[in-house]
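Student: Chains A, B, C and D, in that order, are what the protein sequence lines are. Numbers 1 to 213, taken from UniProt numbering, label the letters of the first sequence in order. Numbers 1 to 53, taken from UniProt numbering, label the letters of the second sequence in order. Numbers 1 to 242, taken from UniProt numbering, label the letters of the third sequence in order. Numbers 1 to 218, taken from UniProt numbering, label the letters of the fourth sequence in order. Quick reminder that beta carbons are idealized off the backbone N, C-alpha and C, glycines included. All of these numbers come straight from a predicted model, not from anything done at the bench.
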Amino acid sequence: MSEPPLVSVAGLAVARGGLAVLEGIDFVVSRGAALILRGPNGIGKTTLLRTLAGLQPPLAGTLSALPEAVAYAAHADGLKATLSVTENLRFWAAVYGTGSIDPALNAMNLSALRDRPAHSLSAGQKRRLGLARLLVTGRPVWVLDEPTVSLDAASVALFATAVRAHLAGGGAALIATHIDLGLHEARVLDLTPFRARPPEAGGIRGSFDEAFA
Amino acid sequence: MIPDLGKYAGAVLGSYAVTIALLLGLVAVTLWRSAKVKRALAAQEARMGQGDG
Amino acid sequence: MSIWEYANPKKFMQTSAWALPWVAGLTLVTLIGGLVWGFFFTPDDYKQGSTVKIIYIHVPAAMMAINVWAMMLVTSLIWLIRRHHVSALAAKAAAPVGMVMTLIALITGAIWGQPMWGTWWEWDPRLTSFLILFLFYLGYIALWGAIDNPDTAADLTGVLCLVGSVFAILSRYAVNFWNQGLHQGASLSLDKEENVADVFWYPLVVSITGFVLLFLALVLIRTRTEIRARRLQALETRERMA
Amino acid sequence: MIALLARDLALAVRAGGGFGLGLAFFLIVVTLVPFGVGPEGGVLARIAPGILWLGALLACLLSLDRIFALDYEDGSLDLLATAPIPLEGVVTIKAAAHWITTGLPLVAAAPVFGILLHLEGAGFFWLTASLALGTPALSVLGTFGAALTVGLKRGGLLLSLLVLPLYVPTLIFGAELVRRGVAGMETTTPLLMLAGITAATVALVPFASAAAIRVNLR
């Protein structure tokens, strides 16, 4: 391999509320690749993504994704209702030290709405603004938690286009989703087999159980 | 039996009474909660069929 | 054998189960012994009259009020650095005991102060400091109670205990500056025992031992309870998830 | 970081009442005090330093729970925690924004309220000086309390319980400084203590606040 993958995960276990939820996860995501995470509700997709984003420490295993490389987008968009579309984006561009916000506005088809305050946007428009934030971060690894909630079919397609452009530019994406994004080239990882076993069956102990080793 | 406490009887007796009451209360709460949790844990372990804890 | 072995909950449960009857028995002997000795068999002070008998509860309670917080600081640090759960749970278990000790020190101080100073409450630096310490205990306990996730609660209360300790000491200094008090000086530090006549000193030592042992016994029981509660919570969560 | 400060200030202005609310509360406290203790100028002048400091403290407390709560609810806090700004910087900026919207107006307006309470001559200078020195510590400590309670549904009352004991040293030295200033006594000790507490608080407490935020986001 010519260069190390952007994200590589080996034997990763993550915990929620003191109990292991997922264990033994291995995957690599190289430049230009996308990985789609699937699994039933409550299996720990969000927990896994938060771990990848560096918001919580892994319970076990290794995780070699630089937190500085990751741009995280959660269920909530982190928008300020009283600020306009451009103000919201400019803020994040300034935080990440990147330049112009116009490409992001164009990519997410928000140019016409640029001076509207965020509270006057529809749910789908807000979501698009939240995704436009990813573009202004300038970070290579996108970690996306249910990015297409409240997007219509056209917007989903718009989103897929943006992801493809990001991948083509040498980025990578990890996406937890229930629906088909139309990203056929992306690898799909079903998390169901990685559900953590109870400690009696040899599973990893969460910090709760650790207290009774 | 009770020593002559003179004019400060109220203060001395009051102090001892309050202290003993507070300490007994603390002990009672501690023991009560201890018993309650012990019982709940035993019940839960029995239900889950792993009485080894 | 390392001392950290006792940080293992199972080991702690075994050891504490063995130690508890001894500690409890000794507590009963020394605490009742000290208080009975102090109450029935000590003379009155020529100046303070029979109120001097309050010393056998006021002073040990005040010492414990401070020392329990110090112990919580140490166990919080151990938790934050080495992540031993027993340590965090011991801090949680100790806090209400320390709060009651502070309350006893405050109430007996007020009752003692009434005949001596002629008022129930005097904003004397030491009493005021204990009042502030009481507030710190309240906040600490309330924070434990407010957070569901036990690890989060342990971390946050640990941080609060650290910051609180610094500000408790600062407050002590500030209060001293703000009002020079009526309290007698540190007549009871161990190296100055000649300040107190032997007739008062020996029962006081027994009483202090009794308070220390009582604290130890209570913390052992309460930590055992917390460990069980923690296991219970883990089992319930697992059952819900399965 | 400047962008964050600018955003927080813009939000405070647009949400309305960002600047005004603390000040209005301060005014109400100062107005109500004479109703409680009687209108005699002598009494008011004597308790003015304490009342003004207490009012500043309560006004500051009033807006603490909003420091992180809004960012937590809309997800911004997650995003800020993964952004290239260190979290210690974020909490410092949050404290700074809180101080600019509550502490600074109080410092500026305090002399006016001093008039209402018959504060004596030298007091005006010392009141302004002590508030200017002390209120940053109040904001930073309040940020720490807000960081501890950020994930809690009803953290408001708990927040006050946690933060108020931490305010004791600042309150004591702040009010003492004004009292001594009015009485023409030596002011160096409380002045240095107040400045020292504020400096140490501003320098060190953000680390604790950032640690608390990390734990809460976990």
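1. Is residue 102 of chain D near residue 63 of chain D, with beta carbons less than 9 Å apart?
2. Alpha carbon to alpha carbon, how far is residue 110 of chain C from residue 128 of chain C? Give it in angstroms, no decimals.
3. Using the Cβ count rule (16 or more neighbours within 10 Å means buried), how would you classify residue 8 of chain D?
4. Can you have a look at residue 40 of chain D and say buried or exposed, based on whether 16 or more other CB atoms are within 10 angstroms of its CB?
5. Helix or strand or just coil, what does DSSP make of residue 228 of chain C?
6. In chain order, which continuous runs of the beta strand (DSSP E) of length 3 or greater are located wholly inside the region 61-139 of chain A?
7. Applying a beta-carbon distance threshold of less than 8 Å, which residues of chain C neighbour residue 46 of chain B?
8. Take residue 69 of chain A and list the residues in its own chain whose beta-carbon comes closer than 7 Å to its own, dropping the five residues that flank it on each side.
9. Could you name the residues of the same chain whose beta carbon sits closer than 7 Å to that of residue 55 of chain D, not counting the 5 residues immediately before and after it, in chain order?
10. Within a Cβ cutoff of 8 Å, which residues of the same chain sit near residue 103 of chain A, ignoring the five residues on either side of it in sequence?
11. Assign residue 122 of chain A to buried or exposed, taking buried as 16 or more other Cβ atoms, counted over all protein chains shown, within 10 Å of its Cβ.
12. What is the DSSP secondary structure of residue 33 of chain D, reduced to helix, strand or coil?
13. Could you spell out where the alpha helix (DSSP H) holding residue 7 of chain D opens and where it closes?
14. Would you please verify whether the beta carbon of residue 40 of chain B is less than 9 Å from any beta carbon of chain C?
15. Judging by CA-CA distance, which residue of A:12, A:159, A:31, A:128 is the nearest neighbour of residue 58 of chain A?
16. Alpha carbon to alpha carbon, how far is residue 133 of chain C from residue 159 of chain C?
17. Would you mind giving the Cβ-Cβ distance between residue 178 of chain C and residue 176 of chain D, rounded to the nearest angstrom? I have them listed as a contact below 8 Å.
18. Figure out for me which residue from D:93, D:141, D:179 has the closest Cα to the Cα of residue 161 of chain D.
19. Does any residue of chain A bring its CB to less than 9 Å from the CB of residue 15 of chain C?
20. By alpha-carbon positions, which one of C:93, C:102, C:225, C:39 ends up nearest to residue 17 of chain C?
21. Which of the three DSSP states is assigned to residue 193 of chain C in this structure?
22. Who are residue 38 of chain A's beta bridge partners in DSSP?
23. At the 9 Å Cβ level, is residue 173 of chain D part of the contact set with chain C, yes or no?
24. Give a yes or no on whether 9 Å exceeds the smallest Cβ distance from residue 152 of chain D to chain A.
25. Is residue 148 of chain D near residue 216 of chain D, with beta carbons less than 9 Å apart?
26. Would residue 145 of chain D be called buried (16 or more neighbouring beta carbons within 10 Å of its own) or exposed?
27. Starting from the C-beta of residue 83 of chain A, find all residues in its chain whose C-beta is less than 8 Å away, skip the five residues before and the five after it, and write them out in chain order.
28. Under a Cβ-count criterion, where at least 16 other Cβ atoms within 10 Å of its own Cβ denotes burial, should residue 2 of chain D be classed as buried or exposed?
29. So, does the CB of residue 28 of chain B fall closer than 9 Å to a CB anywhere in chain C?
30. Report yes or no: do the region 20-34 of chain C and the region 206-213 of chain C share at least 3 C-beta pairs separated by less than 8 Å?
31. Under 8 Å between beta-carbons, which chain D residues line up against residue 95 of chain A? List them in chain order, please.
32. Measuring alpha carbon to alpha carbon, tell me which residue in D:191, D:202, D:166 is nearest residue 178 of chain D.
33. I'd like to check one pair, residue 91 of chain D with residue 136 of chain D: are the Cβ atoms closer than 9 Å?
34. State yes or no: is the C-beta of residue 31 of chain A within less than 9 Å of the C-beta of residue 177 of chain A?
35. Under three-state DSSP, which class holds residue 79 of chain C?
36. Pull the bridge partners of residue 28 of chain A from the DSSP assignment, please.
Tutor: This is what the structure holds:
1. Using a Cβ distance threshold of 9 Å, residue 102 of chain D and residue 63 of chain D count as a contacting pair.
2. If I take the Cα positions, the gap works out to 11 Å.
3. With 16 or more other Cβ atoms within 10 Å, it is buried.
4. Its Cβ having fewer than 16 others within 10 Å, residue 40 of chain D is exposed.
5. Here DSSP, grouped into helix, strand and coil, assigns residue 228 of chain C to helix.
6. Correct list: 70-73.
7. None at all; the shortest Cβ gap to chain C is about 11 Å.
8. Within the same chain, residue 69 of chain A has close Cβ partners 6, 139, 140, 141.
9. Same-chain partners within the cutoff: 26, 29, 30.
10. Here the set comprises 135.
11. With a threshold of 16 other beta carbon atoms within 10 Å, residue 122 of chain A falls short and is exposed.
12. DSSP, read as helix, strand or coil, puts residue 33 of chain D in helix.
13. It spans 2-15 - the alpha helix (DSSP H) in which residue 7 of chain D sits, taken as one unbroken run.
14. By the rule that beta-carbons nearer than 9 Å mark a contact, residue 40 of chain B touches chain C.
15. Out of A:12, A:159, A:31, A:128, A:12 has the C-alpha closest to the C-alpha of residue 58 of chain A.
16. Whole-angstrom Cα-Cα distance: 16 Å.
17. The C-beta separation of residue 178 of chain C from residue 176 of chain D comes to about 6 Å, placing the pair in contact by the 8 Å criterion.
18. Here the closest residue by C-alpha is D:141.
19. So no, residue 15 of chain C is outside the interface.
20. The shortest Cα separation from residue 17 of chain C among C:93, C:102, C:225, C:39 belongs to C:225.
21. Low confidence applies to residue 193 of chain C: its pLDDT is 43, below 50, so where it sits in the model is not reliable enough to give any reading.
22. According to DSSP, residue 38 of chain A bridges with A:190.
23. By the rule that beta-carbons nearer than 9 Å mark a contact, residue 173 of chain D touches chain C.
24. Contact with chain A is absent for residue 152 of chain D, since none of that chain's Cβ atoms lies less than 9 Å from the residue's Cβ.
25. Against a cut-off of 9 Å, the Cβ pair of residue 216 of chain D and residue 148 of chain D comes out as a contact.
26. Flag for residue 145 of chain D reads buried.
27. 91, 117, 118, listed in sequence order.
28. Under a 10 Å Cβ-count criterion, residue 2 of chain D is classified as exposed, with fewer than 16 other Cβ atoms of the shown protein chains found around its own Cβ.
29. No, because no Cβ of chain C sits closer than 9 Å to the Cβ of residue 28 of chain B.
30. As far as the Cβ criterion goes, the region 20-34 of chain C touches the region 206-213 of chain C, which means the pair count is three or higher.
31. At a beta-carbon threshold of 8 Å, the residues of chain D lying near residue 95 of chain A are 3, 4, 80, 83, 84, 85, ordered along the chain.
32. Cα-wise, what sits closest to residue 178 of chain D is D:191.
33. Contact flag unset, no.
34. No.
35. In the structure shown, residue 79 of chain C sits in a helix (DSSP, three-state: H, G or I).
36. A:8.
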